[in-house]
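Peer 1: Protein chains in written order, with this note's numbering: chain A, 531 to 775; chain B, 531 to 775.
For every residue, glycine included, the Cβ atom is placed at its ideal position computed from N, Cα and C.
Pasting a structure here, questions to come.
This is the structure in structure tokens:
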């Protein structure tokens, strides 16, 4: 168990959409911001780490949603760097409503990268110690994202200037916008996301044309793949349910 | 003079880009959020107004920038509904850094709409009185956006699900993303925005294909026009200067 860190936040209008619920990309951004603040609170600055050539990278998320927060709703975000081993660090995020009811829970898998060499390095124990995160040989198992043969043509997205973060890379949350937008307004208005698994494989660069493949099964599982130049950048699998109205 | 209302905010990583400065669209969103909060503080809820068939709509902005706030910078946003007349309400926003230095100043022109009829209505004096905004016959003059003949082909943007707000319309700030992205990464990395004038003419709907026309003059004035189905949705004019580096 690591140290828990929490913040309370009101969901602003600009993070929501026609469902009145928070955008999934904005949800991930808010959770990441809270983990950034946990690091700041113990004197770790990810931007300084980047300047020293070391970057944190998320490789996998597993999200379970009971209910998404709505416009102007006050939520509490709790995060914890749970444990780390030689190459992986595991962090969880839990959102609660103002009554203390759990809204959603996110598992994340992080690696440390040598930014210049673009290769994984061993997790730095001193950094983990600062946030009370202990070494453990435990390997967390994330649900496997099934291989899928897409028969439908992809939706095309061009990477835009404002998709690029301060480090010059496409913000991880943008992939979720590409995947979800491909499902179309009718589907998104009529269904609620229950679980989401995403695996990040390769970065997308500015100006690249992105192919967003999506296919929906009868059991309301959607499969997603982001490709550039015939190489996979990210894959995802989501479980949906019909909205009660 | 209306009642001033202010909030302090730290600029999150996800609102910034490769320049380390805040995205212009995120900047407008943050300012609008503060004006929403001013309304909430006196018991006015724009969502309730919408439910009653009345909407606030911005028709014009004039922005003057000394410096844009940067990632993790703490800023204070001050807003004031300055005066209103029969059809227009004028609101200003000023951003200050943590030393109290002014970063930027925004003038905005608002109208009230009958949402069903899609037509302007007279400003409701009772609403204005609640935020200490007084009637005045003064008409604020905004810089005129010059007509411009575009010789270059437009950049095409498809309206996406997450561009649509809780009321089912494209968020006003998205137009700024379409306009600015069309200038390209090289230009945006090498230049700083000094002034921006934008005029909103018609709404864009979900799924529409947007033409973003842009043309840059030698004196670093950029002209912008957003068109759908050969009709103008928004026009803008921006003054830039070369970045000192």
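#1: Between the alpha carbons of residue 609 (chain B) and residue 673 (chain A), how many angstroms are there, rounded?
#2: From the DSSP output, in three-state form, read off residue 781 (chain B) for me.
#3: Which value, in whole angstroms, describes the spacing of the CA atoms of residue 639 (chain B) and residue 566 (chain B)?
#4: Between the C-alpha atoms of residue 665 (chain B) and residue 618 (chain B), what's the straight-line distance to the nearest angstrom?
#5: Can you pull the chain A neighbours of residue 546 (chain B), defined as C-beta to C-beta under 9 Å?
#6: Leaving out five residues on either side along the sequence, give the residues of the same chain with a beta carbon under 6 Å from the beta carbon of residue 688 (chain B).
#7: Report all residues from its chain with a CB closer than 7 Å to the CB of residue 602 (chain A); omit the five preceding and five following residues, and keep chain order.
#8: Under 9 Å between C-beta atoms, does residue 556 (chain A) make it to chain B?
#9: Measure the beta-carbon distance from residue 721 (chain B) to residue 765 (chain B) and round it to whole angstroms, keeping in mind my assumption that it falls under 8 Å.
#10: Quick check: the region 634-649 of chain A against the region 577-589 of chain A, are at least 3 beta-carbon pairs closer than 8 Å?
#11: Assuming residue 607 (chain A) and residue 537 (chain A) form a contact by the criterion Cβ under 8 Å, report the distance between their Cβ atoms to the nearest whole angstrom.
#12: Give the residues from the region 599-623 of chain A that approach chain B closer than 7 Å (Cβ to any Cβ), ordered along the chain.
#13: For residue 673 (chain A), return the contacting residues in chain B, with the cut-off set at a CB-CB distance below 9 Å.
#14: Can you name the start and end residues of the beta strand (DSSP E) that residue 660 (chain B) belongs to?
#15: Kindly confirm or deny that the region 562-580 of chain B and the region 542-561 of chain A touch, where touching means at least three C-beta pairs closer than 8 Å.
#16: Between the alpha carbons of residue 630 (chain A) and residue 627 (chain B), how many angstroms are there, rounded?
#17: Near residue 576 (chain B), which residues of its chain fall below 8 Å by C-beta distance, leaving aside the five closest residues on each side in sequence?
#18: DSSP three-state label for residue 554 (chain A), please.
#19: Residue 753 (chain A) by DSSP, collapsed to three states: which one?
#20: Would you say residue 626 (chain B) reaches chain A, if we count a Cβ-Cβ gap shorter than 9 Å as a contact?
#21: For residue 690 (chain A), which residues in chain B fall below 8 Å Cβ to Cβ?
#22: How far does the alpha helix (DSSP H) with residue 715 (chain A) in it extend, from its first residue to its last?
#23: Mind checking which residues open and close the beta strand (DSSP E) that includes residue 535 (chain B)?
#24: In whole angstroms, give me the CA-to-CA distance for residue 736 (chain A) and residue 697 (chain A).
#25: Once you ignore the five residues that flank residue 757 (chain A) on each side, which residues in its own chain have a CB closer than 6 Å to its CB?
#26: Is residue 585 (chain A) close to chain B? Criterion is C-beta to C-beta, closer than 9 Å.
#27: Please report how far the alpha carbon of residue 691 (chain A) lies from the alpha carbon of residue 714 (chain B), in whole angstroms.
#28: Residue 535 (chain A) touches chain B at which residues, Cβ-Cβ below 7 Å?
#29: Are there 16 or more other CB atoms within 10 angstroms of the CB of residue 551 (chain B), so buried, or fewer, so exposed?
#30: Are the C-beta of residue 543 (chain A) and some C-beta of chain B separated by less than 9 Å?
#31: Taking residue 566 (chain B) as the query, report the chain A residues whose CB atoms sit under 7 Å from its CB, ordered along the chain.
#32: So if I threshold CB-CB distances at 7 Å, which residues from the region 714-735 of chain A count as touching chain B?
#33: Buried or exposed, going by whether 16 or more other CB atoms sit within 10 Å of the CB of residue 553 (chain B)?
#34: Kindly confirm or deny that the region 590-599 of chain B and the region 727-734 of chain B touch, where touching means at least three C-beta pairs closer than 8 Å.
#35: Compare the C-beta of residue 742 (chain B) against all C-beta atoms of chain A and say whether one is closer than 9 Å.
#36: For residue 553 (chain B), go through chain A and note every residue whose CB falls closer than 7 Å to its CB, in chain order.
Peer 2: Let me lay it out:
#1: Inter-residue distance for residue 609 (chain B) and residue 673 (chain A) is about 48 Å (C-alpha atoms, whole angstroms).
#2: In the structure as shown, chain B begins at 531 and stops at 775. Residue 781 (chain B) is therefore absent and cannot be evaluated.
#3: About 15 Å.
#4: Rounded to the nearest angstrom, the two C-alpha atoms are 10 Å apart.
#5: Within 9 Å Cβ-Cβ: 695, 696.
#6: Counting only residues of its own chain and dropping the five nearest sequence neighbours on each side, residue 688 (chain B) has a CB closer than 6 Å to the CB of 739.
#7: Once the five neighbours on either side are set aside, the close Cβ partners of residue 602 (chain A) are 540, 541.
#8: The beta-carbon of residue 556 (chain A) is placed less than 9 Å from the nearest beta-carbon of chain B.
#9: With a Cβ gap of about 20 Å, residue 721 (chain B) and residue 765 (chain B) do not count as contacting.
#10: Counting Cβ pairs under 8 Å, three or more are found: they touch.
#11: Between residue 537 (chain A) and residue 607 (chain A) the Cβ distance is about 6 Å, and since that is below 8 Å, they are a contact.
#12: Look at the region 599-623 of chain A: the residues with a C-beta under 7 Å from a C-beta of chain B are 601.
#13: Against chain B, a Cβ distance below 9 Å from residue 673 (chain A) picks out nothing, because the smallest value is about 25 Å.
#14: Annotation: residue 660 (chain B) is outside any beta strand (DSSP E); the continuous alpha helix (DSSP H) that includes it extends over 655-660.
#15: Output reads yes: the region 542-561 of chain A touches the region 562-580 of chain B.
#16: Residue 630 (chain A) and residue 627 (chain B): Cα-Cα distance of roughly 35 Å.
#17: Cβ neighbours of residue 576 (chain B) beyond the five flanking positions: 566, 569, 585, 586.
#18: Residue 554 (chain A) falls in the helix class under three-state DSSP.
#19: Strand.
#20: Not one chain A Cβ lies under 9 Å of residue 626 (chain B).
#21: Going along chain B in sequence order, the residues near residue 690 (chain A) (Cβ under 8 Å) are 707, 711.
#22: Its alpha helix (DSSP H) spans residues 715-720.
#23: Where residue 535 (chain B) is concerned, the enclosing beta strand (DSSP E) stretches over 534-540.
#24: When the Cα atoms are used, residue 736 (chain A) and residue 697 (chain A) turn out to be separated by approximately 12 Å.
#25: Contacts found: 741.
#26: It does not; no Cβ of chain B falls within 9 Å.
#27: Distance between the alpha carbons of residue 691 (chain A) and residue 714 (chain B) is about 7 Å.
#28: Residue 535 (chain A) does not reach chain B, its nearest Cβ partner there being about 16 Å away, counting only Cβ pairs nearer than 7 Å.
#29: Around the beta carbon of residue 551 (chain B), a 10 Å sphere encloses 16 or more other beta carbons of the protein chains shown; the residue is thus reported as buried.
#30: Yes, its Cβ sits closer than 9 Å to a Cβ of chain B.
#31: Residues of chain A whose Cβ lies closer than 7 Å to the Cβ of residue 566 (chain B) are, in chain order, 543.
#32: Using a CB distance below 7 Å, the part of the region 714-735 of chain A facing chain B consists of 715, 718, ordered along the chain.
#33: Only buried fits residue 553 (chain B), as 16 or more other CB atoms lie within 10 angstroms of its CB.
#34: Touching, per the Cβ criterion.
#35: The C-beta of residue 742 (chain B) comes no closer than 9 Å to any C-beta of chain A.
#36: Those within 7 Å of residue 553 (chain B) in chain A are 692.
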